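K.L.:
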Amino acid sequence: MSEMLSVKQRLIDSLQRATEQAQQSGKLPSVPLPEVSIEHPQNPEYGDYATSFPLKLARATGMNPLDIAKHIARLIKPGTDIADVSVAPPGFINFSLGNSWLTR
Numbered sequence: 002m003s004e005m006l007s008v009k010q011r012l013i014d015s016l017q018r019a020t021e022q023a024q025q026s027g028k029l030p031s032v033p034l035p036e037v038s039i040e041h042p043q044n045p046e047y048g049d050y051a052t053s054f055p056l057k058l059a060r061a062t063g064m065n066p067l068d069i070a071k072h073i074a075r076l077i078k079p080g081t082d083i084a085d086v087s088v089a090p091p092g093f094i095n096f097s098l099g100n101s102w103l104t105r
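Residue 13 in my numbering sits at position 12 of the sequence shown, and the numbers go up by one each step.
Structure, rendered in structure tokens:
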């Protein structure tokens with residue numbers, strides 16, 4: 002169970018860092034960040050985890066949630082832990098875990 006929490010926490014940290022980078026670069030307005038939650042998607046085709054964080058951020062910024070998701074996802078680089086980051090309408094960010102997480 003603690004390993005699953007660390008996976009979620011790592012994804013949350015990545016989302017927060019990417020959002021702050023997007024704000025600093027002017028891609029997103031500087032507003033207080035809403036709470037980030039990570040869940041398993043209903044459809045497994047969308048990856049191992051997903052977040053609706055861009056939908057929450059859209060309420061605070063007035064921006065299109067899909068545009069927010071794209072700005073954030075571009076800043077999260079796939080690697081050994083995160084194999085893939087994708088975006089799905091209306092503003093979800095989906096994560097597929099890398100083998101390093103799946104074999105722990």
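Even for Gly, the Cβ is constructed at its ideal location relative to N, Cα and C. Treat the numbers as computed from the prediction; the structure is a model and nothing was measured.
Please state if the CB of Ala84 and the CB of Leu98 are separated by a distance shorter than 9 Å.
P.N.:
A contact, by the Cβ cut-off of 9 Å.
K.L.:
With a threshold of 8 Å, are at least 3 pairs of Cβ atoms found where one atom belongs to the region 66-77 and the other to the region 13-27?
P.N.:
Flag = yes, the region 66-77 and the region 13-27 touch.
K.L.:
Between the Cα of Pro55 and those of Ser7, Gly92 and Arg11, spot the shortest distance and give me the residue it belongs to.
P.N.:
Nearest C-alpha to Pro55: Gly92.
K.L.:
What's the gap between the Cα of Ile39 and the Cα of Leu12?
P.N.:
Whole-angstrom Cα-Cα distance: 8 Å.
K.L.:
Report the option in Asn100, Lys9 and Ser31 whose CA atom is closest to the CA atom of Thr1.
P.N.:
In the structure as shown, the chain begins at 2 and stops at 105. Residue 1 is therefore absent and cannot be evaluated.
K.L.:
In the DSSP assignment, what residue or residues form a beta bridge with Thr52?
P.N.:
Ile94, per the DSSP bridge assignment.
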